[in-house]
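Peer 1:
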Amino acid sequence: MTKTNSTINAGVHNGTGIEFQKICALHIIISEYDYYSTQSFFLSIENYDDFIFFHHDINDIIKWTKTFQAKKASKGWTLDAKMHEIIDKILSIGAALKADPTALHQDYSHTLNFITNNTLTLHDGDKKKKTHALLNEATIKLKYSDLDKKIQDNIKRLLKEFNDKSDANFIELDALVFNFIDLPKTYKAQKELLIGLFGSVFGDKVSDHKAAIDTLLSMFRNIELQFNQGNIASLTASEKKISGTHINNAFNIITTKQKAYNFWRAEGKELSQLIKMPIYDQLRYEIQLSNCFDFFKDLTQFEHQKILNFAKEQSTIPNTYYNESNYIEHLHTTYKNTHNSQLSDTEVKFAMIAAYIETRD
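Below, the structure is given as structure tokens:
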């Protein structure tokens, strides 16, 4: 692609206009967490479309994508001028993806999705006796390829009326899917629903579901406000994507932090005596442990990386400890005797506890 296409997303124009897109993307990931936690993918926001899941092989060659044009609505959708424009844009995105100079897998394919939190009525245009297809809570997915041919033909006719060159992209219609997502109208209510969904999936693996959702939504902050280079959408636009590995690491940190909190509540009193943890520091265990897990994922935090690597190495060495607190005391003492650290003694102690939790499973 050599020039900017004004119909294709190439950045954002304000930071508040894509909250619904972020909610939808995270809703999909959480709802299908067992699937996405095992996939090689990256998520792109405001690059070609509102958000896109790109799935790639072990060589990072893109095999298939799922694009999403996400629109919240206070009233139901019909095949009006606004919908003609949306469908036309979605089809142009499909064509643009195939034309992107980035190497695609030889068996590359994609689905082009419209997703909304309100109903959508599709019809054949016959004023006397219309054939309908309704997207709603009961029917959450409508594939263009499965629609009555009269409705398909009407969509094509309306697209041609909107854009007389739209038929160049009609080959993309078979990839078009309309989706209903059961989300409330306001951002506050949408977020509350997301918190409830997270709780139903992860349960007591995480105690603070609201904090977890806040953390996960914050992942998108750095990329949502970026513009593509030259204002041109591109599959290679690293500033507009977040890897599946990064997303799954965020989920893992959240659940691992909870394991550490639970461990401290069960063993903290005994462990504090063994490693001589002052009472004041004991009371700050949540923030201390939370910081440690965040630092473990930051390769620039060299002191925490040293402790994590030490715990990993020690976990491969046979030992005769039957008590976890005694083993952590052993790790702490051994590390202090063999390594210098710029961290405070308290920071080293909590980092060793966190490193043990990180490496024991």
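Here the sequence shown is numbered in the numbering used here, starting from 15 and rising by one per residue.
Glycine residues also receive a C-beta, built at the ideal position from the N, C-alpha and C atoms.
Computed from a predicted model, the values in this text were never measured in an experiment.
#1: Ignore the nearest five residues each way along the sequence and tell me which others in Gln204's own chain have a CB closer than 6 Å to its CB.
#2: Does DSSP put Thr153 in a helix, a strand or coil?
#3: Would you please state the rounded distance, in angstroms, between the beta carbons of Glu343 and Ile289? I believe it to be under 8 Å.
#4: DSSP beta-bridge partners for Ser51?
#5: Helix, strand or coil for Leu111, going by three-state DSSP, please let me know.
#6: Tell me the rounded alpha-carbon separation between Thr145 and Lys179.
#7: Whose C-beta lies closer than 8 Å to the C-beta of Ala6 among residues of the same chain, with five residues either side of it excluded?
#8: Only counting the same chain, and skipping five residues up and downstream in sequence, which positions put a Cβ closer than 6 Å to that of Ser50?
#9: With 8 Å as the threshold, decide whether the Cβ of Asn131 is near any Cβ in chain D.
#10: Decide if Glu361 is buried, meaning its Cβ has at least 16 other Cβ atoms within 10 Å, or exposed.
#11: Quick one: Cα of Glu338 to Cα of Thr130, how far?
#12: Identify every residue that forms a DSSP beta bridge with Asn127.
#13: By DSSP, does Phe68 sit in helix, in strand, or in coil?
#14: How do the stretch 156-165 and the stretch 113-121 stand: do at least 3 beta-carbon pairs fall below 8 Å, yes or no?
#15: Ignore the nearest five residues each way along the sequence and tell me which others in Leu322's own chain have a CB closer than 6 Å to its CB.
#16: Can you name the residues that DSSP bridges to Ala147?
#17: For Thr133, which residues from the same chain have a beta carbon less than 8 Å from its beta carbon, with the 5 sequence-adjacent residues on both sides left out?
#18: Is the Cβ-Cβ distance between Leu126 and Gly108 less than 8 Å?
#19: Between Lys86 and Ile32, what straight-line distance do the alpha-carbon atoms span, to the nearest angstrom?
#20: For Ile217, count neighbouring C-beta atoms within 10 Å of its own C-beta (all shown protein chains included) and say buried if the count is 16 or more, exposed if not.
#21: Which residue or residues does DSSP assign as beta-bridge partners of Trp91?
#22: For Thr229, does the three-state DSSP call read helix, strand or coil?
#23: Would you mind stating whether Thr79 and Ile66 have Cβ atoms separated by less than 8 Å?
#24: What does DSSP give as the partner residues of Ile13 in its beta bridges?
#25: If you check the beta carbons only, do Phe265 and Leu303 fall under 8 Å apart?
#26: DSSP has Lys255 in a bridge; who is on the other side?
#27: Just mark Glu175 as buried or exposed, buried being the case when its beta carbon has 16 or more other beta carbons within 10 Å.
#28: Per DSSP, Ile76 forms a beta bridge with which residues?
#29: Would you check if the distance between the CB atom of Phe433 and the CB atom of Ile256 is smaller than 8 Å?
#30: In angstroms with no decimal places, state the Cα-to-Cα distance between Ser58 and Asp222.
#31: What would DSSP say about Arg374, mapped onto helix, strand or coil?
#32: Classify Ser106: buried if its beta carbon has 16 or more other beta carbons within 10 angstroms, exposed otherwise.
#33: Taking 8 Å as the threshold (C-beta atoms), are Ile104 and Leu190 in contact?
Peer 2: Straight from the coordinates:
#1: Here the set comprises Ile37, Leu197, Pro198.
#2: Coil at Thr153, not helix or strand.
#3: Contact between Glu343 and Ile289 holds, with the beta-carbon distance rounding to 5 Å and staying under 8 Å.
#4: Under DSSP, no beta-bridge partner is assigned to Ser51.
#5: Of the three classes helix, strand and coil, the one that applies to Leu111 here is helix, per DSSP.
#6: About 26 Å.
#7: This structure cannot speak to residue 6, because the chain is shown only from 15 to 375.
#8: Looking at the sequence shown, residue 50 is not Ser but Tyr. Excluding sequence neighbours, Tyr50 sits near Ile43.
#9: Absent from the structure is chain D; it holds one protein chain and no more.
#10: Classification of Glu361: buried, given that the 10 Å Cβ count is 16 or more.
#11: The alpha-carbon atoms of Glu338 and Thr130 are separated by roughly 50 Å.
#12: DSSP lists Phe82, Val191 as partners of Asn127.
#13: In this structure, Phe68 counts as strand in the three-state DSSP scheme.
#14: In the pairwise beta carbon analysis, the stretch 156-165 is classified as not touching the stretch 113-121: fewer than three pairs are separated by under 8 Å.
#15: Cβ neighbours of Leu322 beyond the five flanking positions: Phe310, Ala369.
#16: Leu136, per the DSSP bridge assignment.
#17: Closer than 8 Å at the Cβ level, and outside the excluded window around Thr133, lie Gly90, Trp91, Leu148, Leu149, Asn150, Phe194.
#18: Contact check for Leu126 against Gly108 passes: the beta carbons are separated by less than 8 Å.
#19: Their Cα atoms are separated by approximately 10 Å.
#20: Per the sequence shown, residue 217 should be read as Gly rather than Ile. Gly217 should be labelled exposed.
#21: Trp91 pairs with Leu134.
#22: Helix at Thr229.
#23: Yes.
#24: This structure leaves residue 13 out entirely; the chain is present only between 15 and 375.
#25: The answer is no: Cβ separation not under 8 Å.
#26: Under the DSSP definition of a beta bridge, Lys255 partners with Ser58.
#27: Under a 10 Å Cβ-count criterion, Glu175 is classified as exposed, with fewer than 16 other Cβ atoms of the shown protein chains found around its own Cβ.
#28: Ile76 pairs with His70, Leu118.
#29: Any answer about residue 433 is impossible in this case: the structure gives the chain only from 15 up to 375.
#30: Going from the Cα of Ser58 to the Cα of Asp222 covers about 27 Å.
#31: It is helical.
#32: Ser106 is buried by the Cβ-count criterion.
#33: Ile104 is positioned such that its CB atom lies closer than 8 Å to that of Leu190.
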